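If you count the sequence shown from 1, you need to add 130 to reach our numbering. Taking it in order: structure first as structure tokens, then the write-up.
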Amino acid sequence: MNSNTYKNLFIKIFCITLLVKIFLAYFTPMTGDEAFFYQWGVFPAAGYSDHPPMVGWLIFLLRMLGEHPLILRAFTVLLTSIIGLGIVLLCQKTLDQKYQAHAWLIGALYLCLPWSWLFFMVTTDTTLVLFMFCSGLVYMLADRQASASKALVLYALCGILLGLAFLSKYFSALLGFAFAIHCLIFRRKRLWAPFVILAFALPAICFNLWFNATHGWSNIMFNVFNRNQDKQWSIGTLIGYIAMVVYIITPWTIFYAFKSKKTFATDKKLVYSALTLWSVPFALFLVLSIKRSIGLHWVIGFVPFFMIWAAYRLHTEHLQKSIKWTIYLSIPHFLIFLTILFAPMSFWGKFNLQHKAVFLHKADQITQNLESSLPADGVIMAYAYSPAATLAFYHKAYVPVFGEGKFHSRQDDQIIDFKDFAGKTIRIYTGWQQNHDFYKAYFDEIQPQTMQVDGVDFYFVDGTNFNFEKYRDTVLKSVAQKYHNAPSWLPNLGDPYCERYGFDFCSPQK
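In structure tokens, the structure reads:
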């Protein structure tokens with residue numbers, strides 16, 4: 131086959147996978163995590179509770195176009211398609227002329243990966259994956275640039291893009307570490323390059339550090355301390371990580387890439403740079419997996435660099451086989467997702483998942499039921515962040531969490547003042563939890579109530595005359611002790627939560 135045949139194959143797969151993502155983005159209800167990040171866009175700020183602010187800024191812009199989930203997901207829908215095209219363009223520049231077909235084939239392979247065409251939900255990973263890919267791509271272009279002065283400009287751009295990735299999620303720093311390792315081992319004449327990259331990433335890093343120092347180190351407390359408490363060494367998480375890596379880049383692609391003895395790149399240096407950009411982060415995650423589970427979304431931002439490396443390694447027939455088998459792998463994923471979207475609610479009763487399925491698909495109706503007959507001074511809250519965020523999306527007003535919540539998704543701490551609810555009636559959605567004893571301590575009276583949606587009972591409780599002082603001295607104080615008590619060696623320039631409620635032990639020293 132000539133190169134045009136493979137080009138046409140790429141175009142077909144590009145169009146099909148893009149249409150699949152549009153279809154899924156249109157019909158999939160808003161998920162809890164997406165609804166949580168949506169609130170970041172409703173309340174734009176310099177930073178948020180768990181992660182740096184980039185996705186909140188993106189959603190703020192997308193909301194100007196509309197509120198439909200497809201609009202809010204539009205940027206994410208395009209993301210892997212853009213990256214697939216970027217992989218093709220880079221490989222065309224760096225592959226031997228005789229093997230230009232590999233560029234189209236590796237781009238098609240990336241787009242066929244199940245997680246690639248299932249990547250349509252808007253999360254912090256949306257902007258992270260984009261800016262990490264752009265930073266790595268520019269780094270590889272700089273690496274092949276013979277002129278040091280021209281390379282300097284590209285390294286500076288690489289640093290700016292890495293800084294934007296850092297403003298999405300912290301583990302983008304692993305890519306910066308990979309840049310440094312690559313120069314140290316393979317490009318010692320350019321040991322200056324990581325310092326240039328760091329210098330141009332530094333403004334974004336300093337911006338986030340300033341936000342943290344003035345907001346109780348919320349991102350640091352979540353990512354470094356609170357989420358890693360009570361983690362134990364486990365062989366299970368290590369095995370799980372290895373299995374996940376094999377799954378996301380497919381066993382056949384791994385086999386062919388390591389089996390090959392040839393290099394199809396125009397310059398062997400490119401093989402080493404692509405290899406370093408994926409292998410160093412993967413190796414670091416391997417070490418981390420000994421003590422904690424590694425999410426699939428942690429890894430996918432580095433997969434494009436594996437694909438570029440594979441394009442330099444795989445023979446044409448092996449790329450063709452990999453595409454075919456990856457399509458076979460994708461089919462059951464698509465069928466499962468169709469089942470999730472369109473199966474009748476009664477189907478999920480067989481798996482004891484009917485409550486979750488009904489809430490996912492009927493959250494708008496549940497919200498309307500909660501709004502019905504709500505007293506004039508009434509406020510809707512929920513027992514946890516995910517249902518709270520989902521209800522807020524349909525309620526068109528912020529829905530706080532009543533209770534301590536957990537270490538993650540603590541945006542309430544940033545923007546909610548429970549003093550505003552003193553003496554009011556609070557309607558607390560408790561899902562399928564029927565035990566309401568916890569709520570009695572904070573109200574003069576509680577009235578447990580039930581609603582039925584699609585044959586499933588959901589519960590909520592109305593509490594009258596909310597006792598803020600008691601809530602502050604128990605729940606809010608416990609939250610401050612658990613999640614806002616930053617180490618003394620971190621300079622505390624402000625903590626809005628602790629200052630708001632008068633907790634001196636975590637407020638700035640006067």
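Where is the CB? At the ideal position from N, CA and C, for every residue including glycine. Nothing here was measured: the structure is a model prediction, and the numbers come from that model.
Do residue i and residue j have their C-beta atoms closer together than 9 Å?
i	j	result
arginine 320	alanine 278	yes
leucine 154	phenylalanine 250	yes
glycine 426	phenylalanine 157	Note that residue 426 corresponds to leucine in the displayed sequence, not to glycine. Contact: no.
alanine 331	glycine 289	yes
leucine 202	valine 252	yes
alanine 519	phenylalanine 140	no
histidine 181	asparagine 349	yes
leucine 414	phenylalanine 263	no
isoleucine 335	glycine 370	no
histidine 232	leucine 225	yes
leucine 407	tyrosine 300	no
tyrosine 402	isoleucine 315	yes
serine 296	serine 302	With the sequence shown as reference, residue 296 is identified as phenylalanine, and serine is not the correct amino acid for it. Yes, these two residues count as a Cβ contact at 9 Å.
phenylalanine 144	alanine 238	yes
phenylalanine 598	phenylalanine 568	no
Residues in the same chain with beta-carbon distance under 7 Å from residue i, minus the five sequence neighbours each way, listed in chain order, please.
i	result
aspartate 584	Met475, Val488 and Lys492
cysteine 313	Arg320, Leu321, Ala323 and Pro324
glycine 624	Thr344, His345 and Pro638
glycine 216	Phe263 and Leu267
Using the Cα positions of residue i and residue j, report the straight-line distance between them to the nearest angstrom.
i	j	result
isoleucine 420	phenylalanine 412	13 Å
aspartate 634	alanine 272	51 Å
lysine 668	proline 462	Residue 668 lies beyond the range of the chain shown here (131 to 640); nothing can be said about it.
leucine 500	threonine 206	31 Å
histidine 538	threonine 161	16 Å
threonine 594	leucine 195	39 Å
lysine 391	threonine 147	32 Å
lysine 640	glutamate 629	For lysine 640, the predicted model reports a pLDDT of 47, less than 50, meaning its position is unreliable; a value from the coordinates is still stated below. Straight-line Cα distance between these residues: approximately 11 Å.
lysine 389	alanine 440	11 Å
phenylalanine 190	glutamine 230	40 Å
proline 621	valine 354	16 Å
tyrosine 613	cysteine 636	10 Å
threonine 497	tyrosine 524	7 Å
isoleucine 556	isoleucine 466	39 Å
glutamine 582	histidine 485	11 Å
aspartate 494	arginine 193	19 Å
glycine 431	isoleucine 545	31 Å
methionine 184	threonine 256	9 Å
asparagine 138	serine 211	15 Å
phenylalanine 464	isoleucine 457	10 Å
aspartate 507	phenylalanine 588	23 Å
proline 434	valine 376	15 Å
Where do the N-terminal and C-terminal ends of the beta strand (DSSP E) with residue i fall, by residue?
i	result
phenylalanine 590	586-594
Can you list, in chain order, the residues of its chain with a C-beta nearer than 8 Å to that of residue i? Leave out the 5 residues immediately preceding and following it.
i	result
tyrosine 513	Val531, Phe532, Gly533, Ile558, Tyr559, Thr560, Gly561 and Gln563
methionine 351	Tyr613, His614 and Ala616
serine 133	Gln230, Ala231 and Trp234
Using DSSP's beta-bridge definition, name the partner residues of residue i.
i	result
glutamate 575	Thr594
alanine 512	Val531 and Tyr559
valine 583	Val586
leucine 225	Ala395
Determine the extent of the alpha helix (DSSP H) in which residue i is found, giving its start and end residues.
i	result
threonine 161	That residue, threonine 161, is in no alpha helix (DSSP H); it is neither H nor E in DSSP.
isoleucine 372	365-379
arginine 357	From DSSP, arginine 357 is part of no alpha helix (DSSP H); its letter is neither H nor E.
arginine 630	626-631
alanine 295	278-296
lysine 492	484-501
tyrosine 156	133-157
valine 326	323-343
tyrosine 178	That residue, tyrosine 178, is in no alpha helix (DSSP H); it is neither H nor E in DSSP.
glutamate 447	446-472
glycine 479	Unbroken run through glycine 479: none, as it is neither H nor E.
lysine 570	567-570
lysine 549	From DSSP, lysine 549 is part of no alpha helix (DSSP H); its letter is neither H nor E.
arginine 443	433-443
cysteine 242	231-242
proline 638	Note, proline 638: premise wrong, no alpha helix (DSSP H); not H, not E.
lysine 612	607-613
tyrosine 269	254-273
alanine 303	303-316
tryptophan 428	426-429
proline 199	199-202
Keeping to the same chain, check which residues put their C-beta closer than 6 Å to that of residue i; ignore five residues upstream and five downstream.
i	result
aspartate 128	Residue coverage of the chain in this structure runs from 131 to 640, which leaves residue 128 outside it and unanswerable.
leucine 219	none
leucine 235	Tyr136 and Leu449
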